[in-house]
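There are 2 protein chains.
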Amino acid sequence: MANDPFRLTATDAITSIAAGALTARALVESCLERTAALEPDINAWAHLGAEQARAAADRADAQGNTGALKGVPFAAKDIIDSHDMPTGYGSPIHAGAQPFADASPIALARAAGGVLLGKTVTTEFANLTPGPTRNPHDPSRTPGGSSSGSAAAVAAMMVPLAYGTQTTQSTIRPAAFCGVHGYCPTQGDFRLAGVREAADTFDRLGLIARSLADIALLRDVLLRRPAAPFKLAGSPPRIGLCRTHLWESFDPALRSDIEAAARRLEAKGATVTDRPTPPAFERLAEAQRQISAYEFVRNFAFEIDRHWDRISPQLREGRIKDGLACTYERYREALAEAAAARALVPDLFEGVDVLIAASAPGEAPIGIQATGSAAVGALWTPLYLPCVTLPVFKGPAGMPMGLQVLASEGQDDRMLQAARWIEATL
Amino acid sequence: MANDPFRLTATDAITSIAAGALTARALVESCLERTAALEPDINAWAHLGAEQARAAADRADAQGNTGALKGVPFAAKDIIDSHDMPTGYGSPIHAGAQPFADASPIALARAAGGVLLGKTVTTEFANLTPGPTRNPHDPSRTPGGSSSGSAAAVAAMMVPLAYGTQTTQSTIRPAAFCGVHGYCPTQGDFRLAGVREAADTFDRLGLIARSLADIALLRDVLLRRPAAPFKLAGSPPRIGLCRTHLWESFDPALRSDIEAAARRLEAKGATVTDRPTPPAFERLAEAQRQISAYEFVRNFAFEIDRHWDRISPQLREGRIKDGLACTYERYREALAEAAAARALVPDLFEGVDVLIAASAPGEAPIGIQATGSAAVGALWTPLYLPCVTLPVFKGPAGMPMGLQVLASEGQDDRMLQAARWIEATL
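First to last, the protein sequences are chains A and B.
Position 106 (the first sequence) corresponds to 129 in my numbering; numbering is contiguous.
Position 311 (the second sequence) corresponds to 334 in my numbering; numbering is contiguous.
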């Protein structure tokens, strides 16, 4: 069991495949067996493409496992188009709809030798209303959302790599709740052709994996550049500790974990300084809410106008109501508020390489009728910064909690290296 | 003939329909007859949805012609999804592909009572390789691109309103070449869910019509706000004349037309001052080219990796080659250059309400194997400004030429009012 291929990270599986010790087909079979065993309890998948995945793995093996991914399987949130599997958006309106082409992230991974295993459960239109997915660490708890199935599938070791998306907190939150690595790039770094637009001012692709090396590898694939060996930061990073104005709302255990982590990082050679966030950041959540809602109702005009009865009451009374109420003038004002907050970011990074902060307010809440607070994301996402959550804490109920690492725009590669130093040190 | 409904602008047709003097069905029939007569020479349409349009017009009439558009027909560039007509992207790869849902712009227009008449010819993937469309003013000449069919169909009075898109010069150029009004909003103002992404740093929806009032009306529909009566600017605008560094490359007749227009506007009460563009703008075209190419090859990974042989040599040797050669570092550098240029824009508008500039270097060139120079768009598009082209000049060969009006980000409404004053004055 300990040697089951499904346990391997993508990077380790690639090493085994390159050494001739593992085939892509055997890895896919192992992941499918794992999925068959756990899926009834977890419900991570909207569509499992077992036959297509087997055929693609066989082709990869027959062709000598070329490309950076060498036949390793990956999953995609069910708002990301694939030409050979339906894309349902977590909505009965779109259930079974079959796109003509692969979205950019799926095409790029396949071009690099990746094998699409299937589409993972998303909340309805990547918004609030949850699907049936459960947290692999405790099925009575939410996996978080909206990339619920992607985080759960990676955490349950059904697949080593998965795509999510994030408009507020939809990658960092489920990754933190499920105890895996979740990463969002600098806003705009990854292409989104074929990924359902929700609120494009904030929409980002998110990557979910079980190691930082896997995140760095998949980032290279998405940038369509040669995969570089993933290096540890040469020297301990200069770290800013951001408690933010949300601090008092966080689980006390998380607060003390973050502070203990800061002390430990300092003891191991990092410089750690407090970085209070400016008061203007306290208004970001409201600006983020208005912008997202305004854009959402215009992007989903087809569904709203033709399929109103098949939209969940939660979405109708939440984001859609907000979006219909938001005027163009208020929208422009909110965009200006977010831009003004971004103009304050350089000060925050003065003299530090990365920031550390909470990934979510605490452990995954009990119940699967809601996906947990998005407050942390509503603060950070409008700032367009690259961010990654590291599964380094355990909460009072034994559930995973995350430490978020953030860097300046465009500093993704250095951020991932610094995050690796932080993770190794903790 | 002079009273044929197809000749009406959307705004005038709406007035007639509201007064009971015209039905939506009669208008659609008139547009279809006009199309049947001229389409063999012009090739504006990729797909004409005559039956769907008739049925939609009948429904609009039966329901009392509600909504701002009251049953008026519109067309959409064939990279904009519609649930009931195929979307072919101007490529044999996608020919006949049937999307599941309406893109945001189509859904919003339909929700406002608009009738989709069909999909108009686009160049291949909204890039350079032309379709079969000819310029209605002279079939030996290009209509411009990439929104070739939208501009030609509106100019030929086959339809009063059409959607284009613009990543470089793809709405302003064909509108100018075809002698109609073309408008692109402040970057980000219109939603693009269901519109094929090419290079999202620059992609915008464009509107094409035969009057500024129609542009303003369709803008209201897309913002999902109540349609406001379109007002003339109360006082003559303060105008900056931007010859730009491209000036010497423009047709001499266009240069003298623009200068004569400036004098006339001044004589009628506007203030007109020269606004030389900063030297940094001369490097924008190269930044725009790198960014667009970099994003394009990642967005079209499915087509490039699976359907290489069905991509035109022109696209393979042009944008795709450029995009594969552009590194991530060069891409980030180009983004920074474009952002630095945008930071200079407020100076350009110091003391003026709008800028006037060329819409294209001159008349539509002879031949339909190329769509004409995009140099003007490569300069202005990266600045994210709202812009509109007015069909106010005629060139040496009797072909239309356009005057472009631009304003600061977010000043679209005032820009359209100032443009109306300018148009009325010229």
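Even for Gly, the Cβ is constructed at its ideal location relative to N, Cα and C.
- Under the 10 Å beta carbon count, residue 322 of chain B is surrounded by 16 or more other beta carbons and is classified as buried.
- Residues of the stretch 86 to 104 of chain A whose Cβ lies closer than 8 Å to any Cβ of chain B: none.
- Annotation: Cβ neighbours of residue 219 of chain A in chain B (cutoff 8 Å, chain order): 216.
- Of A:254, A:377, A:232, A:356, the smallest CA-CA separation from residue 432 of chain A is found for A:377.
- Taking residue 393 of chain A as the centre and dropping the five residues before and after it, the same chain places the C-beta of 151, 153, 165 closer than 8 Å to its C-beta, in chain order.
- Chain B has no Cβ within less than 7 Å of the Cβ of residue 273 of chain A.
- Looking only at A:449, A:391, A:443, the smallest Cα-Cα distance to residue 64 of chain A is reached by A:391.
- The C-beta of residue 248 of chain A comes closer than 7 Å to at least one C-beta of chain B.
- The beta-carbon of residue 206 of chain A is placed no less than 7 Å from the nearest beta-carbon of chain B.
- It is roughly 21 Å from the alpha-carbon of residue 168 of chain B to the alpha-carbon of residue 216 of chain A.
- Per DSSP, reduced to three states, the secondary structure at residue 337 of chain A is helical.
- The Cβ-Cβ distance between residue 339 of chain B and residue 180 of chain B does not fall below 7 Å.
- The C-alpha of residue 356 of chain B lies about 15 Å from the C-alpha of residue 366 of chain B.
- Look at residue 414 of chain A here: in three-state DSSP terms it is strand.
- For residue 150 of chain B, there are no C-beta contacts with chain A under 9 Å, since the nearest C-beta of that chain is about 14 Å from it.
- The residues 320, 334, 343, in chain order, have a CB closer than 8 Å to that of residue 327 of chain A in the same chain once the five nearest residues on each side in sequence are set aside.
- In terms of Cα proximity to residue 435 of chain B, the closest of B:55, B:193, B:124, B:211 is B:211.
- In the DSSP assignment, residue 379 of chain B falls within the unbroken beta strand (DSSP E) covering 377 to 381.
- Along the length of the stretch 145 to 196 of chain A, whole alpha helix (DSSP H) runs at least 4 residues long occupy 171 to 178, reported in chain order.
- About 3 Å separates the beta carbons of residue 143 of chain A and residue 172 of chain A, which is inside the 8 Å limit, making them a contact pair.
- Around the beta-carbon of residue 43 of chain B, fewer than 16 other beta-carbon atoms lie within 10 Å, marking it exposed.
- In the pairwise beta carbon analysis, the stretch 36 to 54 of chain A is classified as touching the stretch 86 to 103 of chain A: at least three pairs are separated by under 8 Å.
- Pairing residue 354 of chain A with residue 298 of chain B, the inter-Cα distance amounts to about 31 Å.
- Beta-bridge pairing by DSSP links residue 399 of chain B to no other residue.
- Pairing residue 218 of chain A with residue 324 of chain A gives a Cβ-Cβ distance that is not under 7 Å.
- For residue 290 of chain B, same chain residues with a beta-carbon under 8 Å away, outside a window of 5 residues either side, do not exist.
- Interface annotation for the stretch 411 to 445 of chain A against chain B: 433, criterion Cβ-Cβ distance under 7 Å.
- The contact set of residue 147 of chain A on chain B, defined by CB atoms closer than 8 Å, is empty, because the minimum CB distance reaches about 15 Å.
- Look at residue 351 of chain A: its C-beta is under 7 Å from a C-beta on chain B.
- Between the stretch 393 to 403 of chain A and the stretch 185 to 203 of chain A there are three or more inter-stretch CB-CB distances shorter than 8 Å, so the stretches are counted as touching.
- The C-alpha of residue 117 of chain B lies about 53 Å from the C-alpha of residue 284 of chain A.
- Following the DSSP letters along the chain, one finds residue 206 of chain B inside the beta strand (DSSP E) bounded by residues 204 to 207.
- For residue 428 of chain B, the three-state secondary structure derived from DSSP is strand.
- The Cβ neighbour count for residue 234 of chain A, taken over all protein chains shown within 10 Å, is at least 16; the residue is labelled buried.
- Residue 125 of chain A: not part of any alpha helix (DSSP H); DSSP gives it neither H nor E.
- Residue 367 of chain B carries a coil assignment under DSSP once its states are collapsed to helix, strand and coil.
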